[in-house]
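The sequence shown begins at 13 in our numbering and counts up by one.
Glycine included, C-beta positions come from ideal geometry on N, C-alpha and C.
Below: the structure, in structure tokens.
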Amino acid sequence: MAQVIVNNLPCRALLDSGSSITVISQQLCNKLRLAVRPAAIAVAGAGGHSLNILGKADIDLKIANKQLTVPTYIIDRLPNQDVIVGIDTFKQLQLPLTFDFNKQTFRIDTVEQPLINQIRVLPKVTLQQDVIIQPESACWVRAKTTSAADEAMIFDPHRRVTAKHQIMMPTALVLVAKDKQLPVQIFNPNTETVHLRQGMCIGHLNTQASVMLIEQATPRLTEEEFQKKINLDDSPITEQQKRKVRQLLWKYNEAFCHHDYDIGRAKDIKQEIKLLPHTEPIQCKPYPIAKHLQQHFDEIIDKMLKHGIISKAISAYSSPCLLVQKKETNERRLVCDFRLLNKYIPTDQQSLPKISELLAKLNTAKLFTVFDLRHGFWQIEIEKESRQYTAFKTYNGQVYEYNRSPMGLSNSPATMSRLTAYMLAGCTNLLHYVDDILAYGEDFERLYEATEKALALIQRQGLKLQPTKCKFFRDNVRYLGHQVTAKGISPDPDNVEKVKKFPTPTSITKVQSFLGLAQYFRKFLPNFAKTAKPLYDLLKFDKWKQDNWTQRQQESFDEIKRQLTSDALLQHPDFDKPFIIETDASGTGLGAVLLQETEDKKERPIAYVSRALKPNETKWSATERELLGVLFALRQFHYYIYGSPIQTIVRTDHAPLTYVVTTKGQTNNRLIRMTLKIQDYNYKLVYKPGITNKAADALSRAYEVNAIHPIPNIKELVDETERDNFYQAVKDDDKNIKLSPMERKFLRKQRQHLTINKSRLYWMSDNKPKIYIPYSFRQAILNELHDNPLAGHLSAAKTIARVEQYYFWPTMYGDIKQYCNNCHSCAASKTGRRQKPQLQSIPKSTTMDCLSIDITGPLPPSCLQGIAYTYILTALDIFSKFAIAIPIPDITAQTVAMSFFNEIICKYGTPKNLTSDNGSQFTSQLFQQVVRILNITQIYTSTYNPKANMVERFHRNLHEMITHFAHQQPEDWIIYLQSVTMAYNSAIHRSTDNTPFFLMFGRDFQPPNLLAQQLLPSQYVEVPTSIQKFVTQLHLAWKIAKHNIDNQVALTTGNDARSTTLTAGDIVYLHYPPQQTHKHAQKYKGPYRVVQLTSPTTARLANVQDPHQHQFYVHIHRLKKINTDTATFLPTLDNADRTRSTNRHIATKHEETQTTDVSQPHGYNLRPR
13 MAQVIVNNLP CRALLDSGSS ITVISQQLCN KLRLAVRPAA IAVAGAGGHS
63 LNILGKADID LKIANKQLTV PTYIIDRLPN QDVIVGIDTF KQLQLPLTFD
113 FNKQTFRIDT VEQPLINQIR VLPKVTLQQD VIIQPESACW VRAKTTSAAD
163 EAMIFDPHRR VTAKHQIMMP TALVLVAKDK QLPVQIFNPN TETVHLRQGM
213 CIGHLNTQAS VMLIEQATPR LTEEEFQKKI NLDDSPITEQ QKRKVRQLLW
263 KYNEAFCHHD YDIGRAKDIK QEIKLLPHTE PIQCKPYPIA KHLQQHFDEI
313 IDKMLKHGII SKAISAYSSP CLLVQKKETN ERRLVCDFRL LNKYIPTDQQ
363 SLPKISELLA KLNTAKLFTV FDLRHGFWQI EIEKESRQYT AFKTYNGQVY
413 EYNRSPMGLS NSPATMSRLT AYMLAGCTNL LHYVDDILAY GEDFERLYEA
463 TEKALALIQR QGLKLQPTKC KFFRDNVRYL GHQVTAKGIS PDPDNVEKVK
513 KFPTPTSITK VQSFLGLAQY FRKFLPNFAK TAKPLYDLLK FDKWKQDNWT
563 QRQQESFDEI KRQLTSDALL QHPDFDKPFI IETDASGTGL GAVLLQETED
613 KKERPIAYVS RALKPNETKW SATERELLGV LFALRQFHYY IYGSPIQTIV
663 RTDHAPLTYV VTTKGQTNNR LIRMTLKIQD YNYKLVYKPG ITNKAADALS
713 RAYEVNAIHP IPNIKELVDE TERDNFYQAV KDDDKNIKLS PMERKFLRKQ
763 RQHLTINKSR LYWMSDNKPK IYIPYSFRQA ILNELHDNPL AGHLSAAKTI
813 ARVEQYYFWP TMYGDIKQYC NNCHSCAASK TGRRQKPQLQ SIPKSTTMDC
863 LSIDITGPLP PSCLQGIAYT YILTALDIFS KFAIAIPIPD ITAQTVAMSF
913 FNEIICKYGT PKNLTSDNGS QFTSQLFQQV VRILNITQIY TSTYNPKANM
963 VERFHRNLHE MITHFAHQQP EDWIIYLQSV TMAYNSAIHR STDNTPFFLM
1013 FGRDFQPPNL LAQQLLPSQY VEVPTSIQKF VTQLHLAWKI AKHNIDNQVA
1063 LTTGNDARST TLTAGDIVYL HYPPQQTHKH AQKYKGPYRV VQLTSPTTAR
1113 LANVQDPHQH QFYVHIHRLK KINTDTATFL PTLDNADRTR STNRHIATKH
1163 EETQTTDVSQ PHGYNLRPR
């Protein structure tokens, strides 16, 4: 150790001739405020352990009166010194360096400087167990020390031990683990075995760190190269925010891979593989590798060996391997066929988060970041004891085993899910599902914090991201099969588009396929039998005739497609239930439908996928196409099924396929490759005959080219077309022919899609030819497809959609819009949009500022206490939305005025303003006099404008809620009136985001279900300012009232000599109100036994004399305890009797199905309690 000067600051330095470079600590760098540059090198300690280089900087170093500028590297920590002066600095000095340890000095040239001595006790390193080292071999042993844990130190072997036993131990930089253990390598060069005893001291630890430069050729990205891999073009944030994001990503650049094999390593979780009991070692013959691919195969093996992905092994297990070509880059990668091994690995029941709960957290998010892990599975190490199971044999007989989690192993997704759950546990604004990680935020700042938190955790865990595949600060991303935007969450639009593009049928078979698709989902289509009747009529014909396809069939076809592809059809997936995939492959395309069984035991669709076969794929065999369809479906539904512990049912109408995927020894390389690709999924293949698999079959056959729609009077059309200028311009490619600007523009952009056949001009759109209509025929076409009764005078958009199915001309869209806009019948018959005045707000600042009042009825007469009520007087507080419903027998001015005063004024106070319609009850002199006496300003709404009276909207809700309970007996509406009104008042109102009950009374309505109240967690949000002021005043009054109540309760409890303790098993009598029949009626009934105290105030009772009577709940103030030592009259109850209760509501089958749809978005009102 020596004293040096760095930038005029005295520092402690280690002069280390064994260090290749000069390094300084991060603490010294921050103190000197050095300008740090990126350092594209990798550095390791003397023992080979990688050290974290944070950057590079230049310092002014002064040693023994010699001063020079030295390039240094910044390391995160250096124990006991600030600087390590390496050999590069000594070379730059070009002067001899000598040490005199007797004088404790060192000399540079002629200048002598003192050394800094440190006399300290070095921590011992001892063996944990007896060690036997075979002759001429080496081994790693676990040793223990008393040094501080999680610290890098130098291991210095004990010279007496090495001399006595003639062994060798290298001096190395080691990292002491949390349990104070460290690995030590021991070499035995002798011809005899060496025995080392437990507890032997084999060395000491020194805190003097020495570093050396390694792997200069290891590519490390500079900041400029790194930023090129980050794509922020699709992000809606500002340029200043983008610069801030780029700085953040560079700060955590160690969380990203810098080259292809820059693969992370998880620190806290390793994969463990367990086989089923009594499993014999699994041995499979290696797959042959083509001669011209063997060199490439060996290169891949060498790279994986070099980077520690695999290692050579001697194992009783062996799976085959082969090369698979990547679709994106055409590169080949090594994959192993673990199909046989997966059969003997128990499914890892790693619990996955509920997708509905994850997506519910995104209801306020505006920006999103999606993280993509580079070789995600390879970033998880496999336990040493489990690596033998992953062994695979190559074409040349070499055996290797995986050190990292491989692809194709059935439990790899579950381990990855466990890792992400552990890494992100307790984090907010971060979602994770297997290896899919999403950060979200309501604004830039929130997402910035979440992104930084995720990057810090990923870097701390040692994982690596793929920068080119991550999506940063987007307002539209795909996550778990959903399209997530700021507006909400919807299914992937591509899935719905597949069904929308189903072409018009051109044969009976194709009509059957389409009807099979529609019939399969007919429960979701309103009036399906009526809508589909024109199509079913076609099935009566033996042969297909184009004339049979009329406008009726086309409209039926279009309407079914519209309903079938509507948003309501695609159900929300439940990831806690098994998925069902139906696949099919025809000679022209592939199709699949993702289904799931719902509560009503019906299989409902979640997504559709289909695609046309490529030219080379059409030449494949039927089995190959069917397996391609399964692979296509699994890949398309990857987000839904990948990594799920629940097995996915895959249905196919090709029976031989079930044999292909479960049988070894296949010689068809194409089938082998596709079979390997689907092994990552937990699935079960089931055969389903094609006649019952119409849904997928229809999608797979939807890509056949349509026939051209026949047009009447072909000769006249041809003659007129040949005289048309546009036709001549296309035919002769003559630019001098006079055309309109729109025609010229259309010809320039669409020339490659135009073709002429038999003097007819066609425009090819989506492989469907559309015939050109010359000018003279356009009026007739529009009249037929708009004015005709089968056309129905529909809108311009619908008319365009109908015309463009078969015809085209360059100015078609503008012509059709103008034609529809000038249609007299449309203008006279359709409602259209009327003028809409600007909405006027009602002044309000607190409750009862303005009250809206109205009457609804007449209703079926409902009797209560001998009075028949037929109307309801309703009132609504405009500020709080608090509703009041009062039953009244008639609507005379006297009845309305009395009910208004007694039920509203006397209970809720006097409003400042009162809004009502112009009913005679409210305009009468009596009512006006009441309003005038109460000093209320009355406001009348305009005639024929019920929306101006805000209570009208409450009427609809009120009658809908009553209908649920009184639809069988309409005269019982009065029984439920106040209950449903309270239900409305205790529900969160959308405009205020609070319950009307809370805004009116300053507290929440407590439902009778106390258990539900105990289970609900308390959550908090900020209350709006005007409401907060009101709540604060109420809270002050509550504190005073609570103080008085507590004093009164304490005083009452202290003076109450009757207070007794009630316990289970006590005999009690139950008090009943005295009957009006006579004065001598009994006031108590019993005896009863207390079975359970469900709360401090509630007890569950059982009849002593009749043990079969249902148990019931009562308030304990009605009980009188009987102190008796006699034997019990209550026999022992079985488990069934102990749970019976007449007071507990038992839901009917109908009620149980009326549950909340979790797929619908909900708003939550969160306030401090």
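Of K254, S247, L134, K263, the smallest CA-CA separation from P50 is found for K263. Bounds of the alpha helix (DSSP H) holding F1010 are 1008-1013. Contact annotation, L669 with T635: C-beta distance approximately 6 Å; criterion of less than 8 Å satisfied. Separation of R763 and Y739 (C-alpha to C-alpha, rounded to the nearest whole angstrom) is 12 Å.
According to the DSSP assignment, N218 belongs to the beta strand (DSSP E) that extends over 213-218.
Short of 8 Å from the beta carbon of F966, and not among the five residues preceding or following it, lie these beta carbons of its own chain, in chain order: T886, L888, A895, Y996.
Annotated three-state conformation of V943 is helix, per DSSP. For A634, the enclosing alpha helix (DSSP H) has its first and last residue at 634-648. Only residues of its own chain outside the window of five on either side were considered, and among them I1079 have a CB closer than 6 Å to the CB of I1134, listed in chain order. For S777, the uninterrupted beta strand (DSSP E) segment begins and ends at 772-777. If you keep only unbroken alpha helix (DSSP H) runs of at least 4 residues inside the region 164-196, you get 171-177. The beta-carbon separation of V95 and V18, rounded to 6 Å, stays under the 8 Å limit for a contact.
The continuous alpha helix (DSSP H) containing R430 extends over residues 424-435. Straight through space, the alpha carbons of Y1125 and L1105 are spaced by roughly 9 Å. Counting along the chain, the unbroken alpha helix (DSSP H) around N997 starts and ends at 985-997. Apart from sequence neighbours up to five positions away, the residues of its chain that approach S752 with a beta-carbon distance below 8 Å are P822, T823, ordered along the chain. When C-alpha distances from N680 are compared across L639, I661, K700, the shortest belongs to L639. The three-state reading of DSSP puts L469 in helix, counting H, G and I together. DSSP places S331 in the uninterrupted beta strand (DSSP E) bounded by 331-337.
Scanning its chain for C-beta atoms nearer than 8 Å, with the 5 sequence neighbours on each side dropped, one finds around D455 the residues K378, L379, in chain order.
Around the beta carbon of N423, a 10 Å sphere encloses 16 or more other beta carbons of the protein chains shown; the residue is thus reported as buried. In the DSSP assignment, P668 falls within the alpha helix (DSSP H) that extends over 668-672. With fewer than 16 other CB atoms across the displayed protein chains lying within 10 angstroms of its CB, H765 is exposed. When only Cα atoms are considered, M860 and F1010 end up about 14 Å apart.
DSSP links C875 through a beta bridge to A880. Look at the beta carbons and you see the region 142-158 touching the region 182-202: at least three pairs across the two are nearer than 8 Å. With contact defined as three or more Cβ pairs closer than 8 Å, the region 325-337 and the region 386-405 are in contact. As summarised for the region 761-814, the continuous alpha helix (DSSP H) elements at least 4 residues long and confined to that stretch are 787-794, given in chain order.
Scanning M686, R944, K43 for the CA closest to the CA of K338 turns up M686.
Classified as exposed, C213 has fewer than 16 neighbouring CB atoms from the shown chains inside 10 Å of its CB.
Distance from the Cα of L305 is smallest, within the candidate group K286, S323, L335, for L335. According to the DSSP assignment, L105 belongs to the alpha helix (DSSP H) that extends over 99-105. Take the alpha-carbon of E734 and the one of L773: they are about 9 Å apart.
Spanning the alpha carbons of F389 and A498 requires a straight line of approximately 31 Å. Under the three-state reduction of DSSP, D70 is assigned to strand. Cβ contact annotation for A466 (same chain, cutoff 8 Å, sequence separation greater than five): T381, F383, L436, C439, L442, I449, A451, in chain order.
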